[in-house]
Amino acid sequence: MKATDILREEHRLIERLLNALEATAQKLEQGHEVPPDLLLEVVDFNLAFTDGCHHRKEEAALFPALVAQGMPERAGPIAAMVREHRQGRQFCQQMREAALRLPSGDRAARSMFVANVYEYVEFRRRHITRENSILFEMAERIIPAGAHSEILAAMEQIEREDLAAGAKPTYRALVETLEREAWA
């Protein structure tokens, strides 16, 4: 198994979340209620899993392996992906701020949350497509077969740290909860 296989699998989980998040935004836009604490959990998912675990695997394990093979770190695909990771965090912070204001009945917060969700979902889908079809394809071509075990070991260490923090087992469950809520 290659690191890119694991990262693509995680992309599929993130895409499930994006689909459910988009459906949830549509419900909010139509005036339906969605528990604000669930929306905060979704934002926390993005910060903990998408950014804290998944992006850490890319930035701390895959990207250094690409740099070791001559790919520039401060320009090109790696720099673009790191920049987009930061942009994703900004979207999540804006969604978080809006979700925190929802329980007070703040209508502007509802609109702000919905608008951020739509922008974030479109942004994240494009990002995933670029990683899967450009960056990961490049990685599979330039990283020597013998280097994959080191990358996988680094990714496993990140997983262990995540498990130690008690977060990982809840990611899939949170996506399933949001999916049920979104299409209820």
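Taking the numbering used here, the leading residue of the sequence shown gets 14, the next gets one more, and so forth. Glycine residues also receive a C-beta, built at the ideal position from the N, C-alpha and C atoms. These figures come from a predicted structure and were not determined experimentally.
Check	Outcome
Sort GLY89, LEU187, ASN32, GLU194 by Cα distance to MET151 and report the nearest one.	GLY89
Give a yes or no on contact between the region 24-40 and the region 89-100, applying the rule of three or more CB pairs nearer than 8 Å.	no
Is ALA167 near LYS70, with beta carbons less than 9 Å apart?	yes
By how many angstroms is the C-alpha of THR142 removed from the C-alpha of VAL47?	29 Å
For the region 109-129 against the region 44-60, are there 3 or more C-beta pairs whose distance is under 8 Å?	yes
Would you kindly check if the distance between the Cβ of ALA78 and the Cβ of ALA160 is under 9 Å?	yes
Can you look up GLN39 in the DSSP assignment and give me helix, strand or coil?	helix
Fully enclosed by the region 70-110, which beta strand (DSSP E) runs are 3 residues long or longer?	none
If you compare alpha carbons, which of ALA197, ARG96, GLU189 is closest to ARG29?	GLU189
Excluding the 5 residues flanking GLU8 on each side, which residues of the same chain have their C-beta closer than 8 Å to its C-beta?	The displayed coordinates of the chain run from 14 to 197. Any statement about residue 8 would go beyond what the structure contains.
Within the same chain, show all residues whose beta-carbon is closer than 6 Å to that of LEU53, passing over the 5 residues directly before and after it, in chain order.	ALA112
Quick one, which of HIS140, ARG185, ARG154 has its alpha-carbon nearest VAL95's?	HIS140
Within its chain, find whatever has a CB closer than 7 Å to the CB of ARG21; leave out the 5 residues flanking it on each side and keep chain order.	ASN145, PHE149
On the CB-based measure, 16 or more other CB atoms within 10 Å of its CB, does GLU23 come out buried or exposed?	buried
Among PHE76, LEU51, PRO49, which one has its Cα closest to the Cα of ALA16?	PHE76
Only counting the same chain, and skipping five residues up and downstream in sequence, which positions put a Cβ closer than 8 Å to that of GLU194?	ALA33, THR37, VAL47, PRO48, LEU51
Please classify ILE164 as buried or exposed, where buried requires at least 16 other C-beta atoms within 10 Å of its C-beta.	buried
So, ILE147 versus GLN82, is the Cβ gap smaller than 9 Å?	no
Reducing DSSP to helix, strand and coil, say where ALA197 ends up.	coil
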